[in-house]
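Position one of the sequence shown corresponds to residue 1 (UniProt numbering), numbered consecutively onward.
From the three backbone atoms N, C-alpha and C, an ideal C-beta is built for every residue, glycine too.
Bear in mind that the values here come from a model prediction, so they are computed numbers and not experimental data.
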Amino acid sequence: ESGWLFWRVTACGRRSGDRKRQVILFILFICMCQIGAETLRYSLLEEMERDSFVANIAKDLGVPLSQLAARKARVVSEGDEQLFRLNQNTGVLTAKESLDREEICPQSDICTIAFKIFFENPLQLIRGEVEVRDVNDNSPMFPEKEMVLKILETASPGSRFPLESAQDRDVGNNGLQNYSLGSNPHFSLATETGKDGVKYVELVLQRQLDREEQGELNLLLIATDGGSPPRSGMAQVRIVVVDANDNIPVFEREVYEARLAENSPPEQLVVRVTAVDPDEGSNGEVHYSFTQTSERSRQLFQLNPTTGEIRVSGNLDFEEVQSHKMVVKATDGGELSAHCKVLVEVLDVNDNAPEIALTSLTASIPEDAPPRTVVALFSVRDRDSGDNGRTECLIDEDLPFSLTPTFDNYYELRTNAALDRESKAQYNITITARDWGTPRLSSRESIFVQISDVNDNPPEFTQEIYTMSVTENNSPMLRIGSMNATDADAGKNAHVNYALVRQENKEQPDVSVNAETGDVYILRPLDYEK
């Protein structure tokens with residue numbers, strides 16, 4: 001015969017504390033991403049010392065200093081080089097190095113550096129920009145200290161003769177403003193500003209030349225900027241008066257035009273300019289050279305001095321320069337010259353794949369986060385234009401996430417369904433960005449999303465009924481068996497404690513259970529007859 005005792009044991013997780021934590025998490029993630037609609041705007045003179053003050057970000061945003069470190073505030077400049085530093089202890093934004101406007105923005109009059117301030121917990125993005133203001137640290141310079149022009153004595157007043165332009169790397173008032181010519185009775189100056197912003201200068205004949213009276217003239221050409229104080233550069237212009245019996249070269253056209261794809265290979269023919277000279281012998285031989293042509297254009301195109309063929313010699317880039325204006329000078333054996341213009345339009349091709357910039361390669365989100373919670377933020381940039389630069393972003397459709405475009409080619413990765421850590425604890429999400437060019441170019445980046453646990457599962461016993469036996473007159477605190485419960489949650493949420501709920505018909509229980517292990521003990525000797 002045998003006797004039986006019945007009791008019930010509960011396995012308890014730590015739900016009370018976690019319920020409070022769930023409320024806190026809900027408050028944090030219900031507005032997980034705030035994107036500043038306004039842009040912080042600052043300015044800084046170029047050539048300032050490294051670590052120069054730009055702004056007090058904490059003060060301007062009204063953010064307590066303690067939040068900068070707690071929320072891992074950081075600054076990110078656009079492009080590969082990071083130009084600014086944010087001190088989390090003071091909130092001060094500084095320039096990491098001395099900024100040279102001419103190096104940062106060589107092709108632009110207005111030099112603006114865009115940056116983003118990122119905060120975490122919650123995720124927040126603030127846009128900003130720093131205008132690097134020009135200082136007058138460059139003088140106008142001519143490519144040659146002396147220019148030689150041979151002009152027929154029969155040239156009529158009003159005739160124009162192009163001169164090499166001066167270059168000034170500064171901009172605005174600090175850039176090249178005007179030319180002046182030393183006093184003389186024969187020539188004046190005419191200037192013209194091209195579409196590229198360069199000021200071109202020409203000599204204008206005011207009074208007819210006379211070789212017998214004066215066979216050579218020396219003029220001083222001065223280029224001056226508008227800085228305070230102004231800077232200037234000088235060049236000598238030597239005029240050689242040529243006998244009336246000579247002829248000057250004549251171009252077939254005054255303007256040559258060409259259109260060229262930016263992926264044109266080296267040595268591809270762009271255009272061929274042709275000038276003829278009716279003189280006989282060496283005086284009729286024509287040689288070609290560039291004049292009034294920017295250094296960048298000279299690097300990208302080569303001119304055959306004998307044939308007049310202009311060919312590609314460098315890597316054209318539509319995103320850098322869309323058009324080039326060159327002036328070709330044809331000089332005969334007697335060193336008389338004529339000029340023509342060559343205009344080259346660079347056509348865009350789809351040669352740049354989209355670039356994805358993730359604010360972080362990892363992210364974490366609780367499994368009870370509501371739908372539309374922001375998980376991560378990233379931007380996409382394509383340096384091409386038109387459809388070649390228009391992009392779209394995709395992720396796999398079978399994921400509980402979606403992409404939402406925001407501003408300035410930024411996207412948010414959001415939840416679009418309920419998450420369950422116990423079903424899937426992590427996701428490696430591949431983001432694909434592709435453009436609309438032909439052929440379509442694409443790039444990929446991956447972000448690892450960790451699903452953090454919340455206490456949403458109760459413990460479960462491995463069996464509903466446990467049967468244990470003991471011989472009467474047992475010793476006190478005799479271990480008679482063990483129970484086991486598991487919890488599908490993780491970490492502290494999965495820690496199980498055991499407790500005796502009640503023993504039927506007993507005011508004082510005969511058994512106890514170890515809260516940590518689930519081991520069951522008889523507290524005192526038992527008497528089968530009782």
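Residue i and residue j closer than 8 Å at C-beta
i, j, result
"Leu205", "Pro249", "no"
"Val346", "Leu316", "yes"
"Asn474", "Ile522", "yes"
"Glu78", "Phe115", "yes"
"Arg502", "Asp453", "no"
"Ala333", "Asn283", "According to the sequence shown, residue 333 is Gly rather than Ala. The answer is yes: Cβ separation under 8 Å."
"Val201", "Ser159", "no"
"Thr362", "Phe448", "yes"
"Tyr179", "Ile151", "no"
"Val327", "Tyr288", "no"
"Thr432", "Ser446", "no"
"Thr406", "Glu397", "no"
"Glu212", "Ile239", "no"
"Ala235", "Glu295", "no"
"Glu144", "Arg71", "no"
"Arg383", "Asn409", "no"
"Ser43", "Val130", "yes"
"Leu163", "Lys199", "no"
"residue 531", "Val76", "Outside the modelled stretch of the chain, which goes from 1 to 530, sits residue 531, for which no answer is possible."
Counted within 10 angstroms of its Cβ, other Cβ atoms place residue i as buried (16 or more) or exposed
i, result
"Tyr498", "buried"
"residue 555", "Past the edges of the chain, shown from 1 to 530, lies residue 555, and the structure says nothing about it."
"Asn469", "Checking the displayed sequence, the identity of residue 469 turns out to be Ser instead of Asn. Looking at its Cβ environment, which holds fewer than 16 other Cβ atoms inside 10 Å, Ser469 is exposed."
"residue 555", "One cannot answer for residue 555 here, as it falls past the ends of the chain, which runs 1 to 530."
"Arg414", "buried"
"Gln214", "exposed"
"Ile110", "exposed"
"Gly389", "buried"
"Arg101", "buried"
"Glu46", "buried"
"Val54", "buried"
"Gly128", "buried"
"Asp210", "exposed"
"Thr307", "exposed"
"Val255", "exposed"
"Ile113", "buried"
Beta-carbon proximity list for residue i, same chain, < 7 Å, skipping 5 on both sides
i, result
"Gly91", "Asn56, Ile57, Ala58, Lys59, Leu65 and Leu68"
"Gln88", "Leu68, Ala69 and Ala73"
"Glu335", "Lys150"
"residue 566", "Outside the displayed range of the chain (1 to 530) lies residue 566, so it cannot be described from this structure."
"Phe161", "Leu149, Ile151, Glu202 and Leu203"
"Asn263", "Val349 and Asp351"
Helix, strand or coil at residue i according to DSSP, with G and I counted as helix
i, result
"Ala69", "helix"
"Ser228", "coil"
"Asp387", "helix"
"Ile248", "coil"
"Lys59", "helix"
"Gly308", "coil"
"Lys199", "strand"
"Ile104", "helix"
"Glu212", "coil"
"residue 532", "The displayed coordinates of the chain run from 1 to 530. Any statement about residue 532 would go beyond what the structure contains."
"residue 564", "Given a span of 1 to 530 for the chain in the structure shown, any question on residue 564 remains unanswerable."
"Ala494", "helix"
"Leu44", "strand"
"Gly172", "helix"
"Val511", "strand"
"Ser482", "strand"
"Leu526", "coil"
"Asn89", "coil"
"Asn263", "coil"
"Tyr521", "strand"
"Gly194", "coil"
Nonlocal neighbours in the same chain, by C-beta distance under 6 Å from residue i, ignoring five residues either side
i, result
"Ala258", "Val270, Val271 and Val344"
"residue 555", "For residue 555 there is no data in the structure shown, the boundaries of the chain being 1 and 530."
"Leu99", "Glu46 and Val132"
"Glu97", "Arg50"
Neighbourhood of residue i by C-beta, 8 Å cutoff - its chain only, sequence neighbours within 5 removed
i, result
"Ser385", "Phe318, Glu319 and Asp348"
"Leu260", "Gln268, Val270, Val312, Leu316, Val344, Glu345, Val346 and Leu347"
"Asn184", "Leu217 and Leu219"
"Pro278", "Asn247 and Gly284"
"Asn416", "Pro371, Arg372, Pro400, Phe401 and Ser402"
"Lys424", "Ile451"
"Ala338", "Ile248, Pro249, Val250, Phe251, Ala275, Lys329 and Ala330"
I'd like to know if the stretch 128-137 and the stretch 220-232 are in contact, where contact means that at least 3 CB-CB pairs between them fall below 8 Å. yes
When the Cβ atoms of the stretch 477-484 are set against those of the stretch 513-529, are three or more pairs found closer than 8 Å? yes
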